[in-house]
Amino acid sequence: MASFSFTVLEQSAVSPPTGADIGDPLPLTFFDIMWMTSGAVRRLFFYRFPHPTVYFIDSVLPALKSSLSTTLHRFYPLAGKFRCSDEDEGKLELRYKEGDSVPFIVVEYDGDFDDVSGDHGRAVSKIRPLVSELRTDFYEDMPLLAVQVTVFPNKGFVIGLKISHIACDGRSFIHFVRSWAAVCRAESSAESLPSFDRTMFEFPEKLGTATPGDVKDFFESNKQSPKITTSNDDASLFVLKSFKLGKEDIEKLKRRVLQLSAETVRCSSFMVTCAWAWVSLVKTRAYNAERKVQLIFQADARRRLNPPVSADYFGNCIRPCFAEAVVSDLIGENGLVFACEAIRNGIKELEVGVFNGCDEWGNRFLKAEQPMAVTSSPLFRVYDADFGWGRPVKVDVASLGGSPGLVSLAESRDGEGGIEFAISLEEKEMAAFHSFLLLALDG
Numbered sequence: 000m001a002s003f004s005f006t007v008l009e010q011s012a013v014s015p016p017t018g019a020d021i022g023d024p025l026p027l028t029f030f031d032i033m034w035m036t037s038g039a040v041r042r043l044f045f046y047r048f049p050h051p052t053v054y055f056i057d058s059v060l061p062a063l064k065s066s067l068s069t070t071l072h073r074f075y076p077l078a079g080k081f082r083c084s085d086e087d088e089g090k091l092e093l094r095y096k097e098g099d100s101v102p103f104i105v106v107e108y109d110g111d112f113d114d115v116s117g118d119h120g121r122a123v124s125k126i127r128p129l130v131s132e133l134r135t136d137f138y139e140d141m142p143l144l145a146v147q148v149t150v151f152p153n154k155g156f157v158i159g160l161k162i163s164h165i166a167c168d169g170r171s172f173i174h175f176v177r178s179w180a181a182v183c184r185a186e187s188s189a190e191s192l193p194s195f196d197r198t199m200f201e202f203p204e205k206l207g208t209a210t211p212g213d214v215k216d217f218f219e220s221n222k223q224s225p226k227i228t229t230s231n232d233d234a235s236l237f238v239l240k241s242f243k244l245g246k247e248d249i250e251k252l253k254r255r256v257l258q259l260s261a262e263t264v265r266c267s268s269f270m271v272t273c274a275w276a277w278v279s280l281v282k283t284r285a286y287n288a289e290r291k292v293q294l295i296f297q298a299d300a301r302r303r304l305n306p307p308v309s310a311d312y313f314g315n316c317i318r319p320c321f322a323e324a325v326v327s328d329l330i331g332e333n334g335l336v337f338a339c340e341a342i343r344n345g346i347k348e349l350e351v352g353v354f355n356g357c358d359e360w361g362n363r364f365l366k367a368e369q370p371m372a373v374t375s376s377p378l379f380r381v382y383d384a385d386f387g388w389g390r391p392v393k394v395d396v397a398s399l400g401g402s403p404g405l406v407s408l409a410e411s412r413d414g415e416g417g418i419e420f421a422i423s424l425e426e427k428e429m430a431a432f433h434s435f436l437l438l439a440l441d442g
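In numbering that gives the first Met the number 0, the protein residues as written are 0 to 442.
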């Protein structure tokens, strides 16, 4: 097991400004309830800062905390908690009460900043301590956000955020982070204000509403569901590695799919990147040739709903999509084509309607054995989170460390139109996975 030398410098809490006008409690929607058992999302933003810790504490930390307070006024649900309604105990909501706050911890770490912020395979056990703990099982007055800032003296610092999925999806999460960064660098108008209007949703009547009892039962039943996770003891066996698919590589793979497909399959950059990773992962795991394997990804429902929801809507507004293929097809000569066709079929389900097949989403999740799941999106602009000391040198989804086979996508940090993705696997698997990625590009 790796050993870490962390020194806690400060434990505090940040609230919206005293006396600030706070918005109304937010009732949970079907989309919020659907994702509440998926746990917390943990993101890491790495910044170079070649100055001693005392300079960071004096010059950077006050700005981070004051700008967070201002931003929490705008994104007030994150300063509150998931709780039962004061007016009706049968309703669940996100509510801010006077005195609520976001835990904020500052630690110093004498480790290697370049190591933990690199693209190479990094031990998950080195990444996990960079994010503060936050309970995500169901209980009354559950906090939604925790912040940890880790200082690497004379090297850099990391902003680690852990947010409950019950509060919002990835798009809303990054909207909050970019807004915080804009306020910190005194350019608050650079980001739009969030919308909390939930009256625009028109859910099918059969979806109904959830009571606290329903949610507790949901949590208890899902505790028994099989999940692919790593314990703290297992974390040292897994590595997190990042890969980049350049714009030219993406176009090359698109042309190959177009040339080999009988039905002239046209692929988006998202489709071909996911297909490239999926085929390589299936080959790495050497499944039985007759086995069916799954790829799960999310689709943003904001513009697909009728009527559409604001692009700045804050909350959860995504639905799962499912792609399925036979192993023998994916590992064959035309594996990339089969993968793209399967992903396209998963996207086509949206054409029938956002809620098409919603009765079976839960079962499809549970029946999928060791699926590859895709999270985040190159459209989120995670590398725009500049707090005033430059763009991040790296952005990671630390949640990957607990879910082998989970892939996170982001825009290329060099701004040249490529896509980055990261994945967590056992170290011996990662070497094979990397080799299959390279073979697919050379093919």
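Backbone N, C-alpha and C fix where the C-beta goes; we use that ideal spot for every residue, glycine too.
Pick from the options that is closest to residue i, judged by C-alpha positions
{"i": "THR90", "options": "GLU426, ILE295, LEU27 and ARG47", "result": "As written in the sequence, residue 90 is Lys, which differs from the Thr given in the question. That would be LEU27, whose Cα lies nearest to the Cα of LYS90."}
{"i": "SER434", "options": "LEU365, MET199, TRP275 and LEU63", "result": "TRP275"}
{"i": "THR149", "options": "PRO142, SER4 and GLY387", "result": "SER4"}
{"i": "SER423", "options": "LEU239, ARG302 and THR272", "result": "LEU239"}
{"i": "MET35", "options": "LEU378, ILE162 and GLU426", "result": "ILE162"}
{"i": "ASP109", "options": "THR70, ASP140, ASP99 and PHE156", "result": "PHE156"}
{"i": "PRO15", "options": "TRP179, SER124 and ARG301", "result": "TRP179"}
{"i": "LEU43", "options": "CYS316, ASP196, GLN147 and LYS154", "result": "GLN147"}
{"i": "SER407", "options": "PHE81, ILE21, ARG184 and ARG41", "result": "ARG41"}
{"i": "GLU426", "options": "ALA122, ASN333 and ALA62", "result": "ALA122"}
{"i": "TYR382", "options": "ILE317, PHE45, PHE29 and PRO24", "result": "PHE45"}
{"i": "ALA421", "options": "ALA397, PHE175 and LEU438", "result": "ALA397"}
{"i": "GLN293", "options": "PRO306, SER268, SER309 and CYS320", "result": "CYS320"}
{"i": "SER188", "options": "PRO370, LEU257, THR70 and PRO391", "result": "THR70"}
{"i": "SER100", "options": "VAL130, LEU143 and PHE237", "result": "LEU143"}
Boundaries (first-last residue) of the beta strand (DSSP E) holding residue i
{"i": "ASP57", "result": "From DSSP, ASP57 is part of no beta strand (DSSP E) but of the alpha helix (DSSP H) over 52-58."}
{"i": "GLN10", "result": "5-13"}
{"i": "ILE104", "result": "101-108"}
{"i": "VAL394", "result": "393-396"}
Neighbour-count burial assignment, residue i, 16 or more Cβ in a 10 Å radius
{"i": "MET199", "result": "exposed"}
{"i": "VAL351", "result": "exposed"}
{"i": "PRO51", "result": "exposed"}
{"i": "SER171", "result": "buried"}
{"i": "ARG265", "result": "exposed"}
{"i": "GLY98", "result": "exposed"}
{"i": "SER191", "result": "exposed"}
{"i": "ASP168", "result": "buried"}
Euclidean distance between Cα positions of residue i and residue j
{"i": "SER375", "j": "LYS347", "result": "20 Å"}
{"i": "ASP31", "j": "PHE313", "result": "11 Å"}
{"i": "SER224", "j": "GLU419", "result": "Note that SER224 scores a pLDDT of 39, beneath 50, so its modelled location is shaky; the value from the coordinates is reported in the next line. Those two C-alpha atoms are separated by around 31 Å."}
{"i": "GLU410", "j": "GLU88", "result": "43 Å"}
{"i": "VAL271", "j": "LYS253", "result": "7 Å"}
{"i": "LYS243", "j": "GLY417", "result": "7 Å"}
{"i": "GLY159", "j": "PHE151", "result": "13 Å"}
{"i": "ASP358", "j": "CYS339", "result": "25 Å"}
{"i": "VAL331", "j": "GLY345", "result": "Here the sequence assigns Gly to residue 331, which means Val is not the residue at that position. Each residue's Cα considered, the two are about 21 Å apart."}
{"i": "TYR286", "j": "SER37", "result": "26 Å"}
{"i": "ALA367", "j": "VAL394", "result": "29 Å"}
{"i": "GLY471", "j": "ARG47", "result": "Absent from the model: residue 471. The displayed extent of the chain is 0 to 442, so no value can be given."}
{"i": "GLU9", "j": "GLU107", "result": "10 Å"}
{"i": "GLY361", "j": "PHE379", "result": "26 Å"}
{"i": "GLY414", "j": "CYS83", "result": "44 Å"}
{"i": "ASN315", "j": "ALA341", "result": "26 Å"}
Bridge partners - residue i, DSSP secondary structure assignment
{"i": "VAL40", "result": "ILE162"}
{"i": "MET371", "result": "LEU294"}
{"i": "PRO203", "result": "According to DSSP, PRO203 bridges with nothing at all."}
{"i": "ARG94", "result": "LYS80"}
{"i": "GLU323", "result": "GLN293"}
{"i": "ARG170", "result": "Partner(s): none; ARG170 has no beta bridge."}
{"i": "ALA421", "result": "SER241 and SER407"}
{"i": "GLY122", "result": "In the sequence as presented, Gly is not what sits at residue 122; that position holds Ala. In the DSSP output, where bridge partners are listed per residue, ALA122 has VAL238."}
Residue range of the unbroken alpha helix (DSSP H) whose run includes residue i
{"i": "PRO412", "result": "A small correction: the amino acid at residue 412 is Arg; Pro does not occupy that position in the sequence shown. Element bounds for ARG412: n/a, residue is neither H nor E."}
{"i": "PHE30", "result": "29-33"}
{"i": "THR149", "result": "THR149 -> not in any alpha helix (DSSP H); beta strand (DSSP E) instead, spanning 144-151."}
{"i": "ASP114", "result": "112-115"}
Cβ of residue i within 9 Å of any chain C Cβ
{"i": "PHE74", "result": "The structure shown has no chain C; it contains just one protein chain."}
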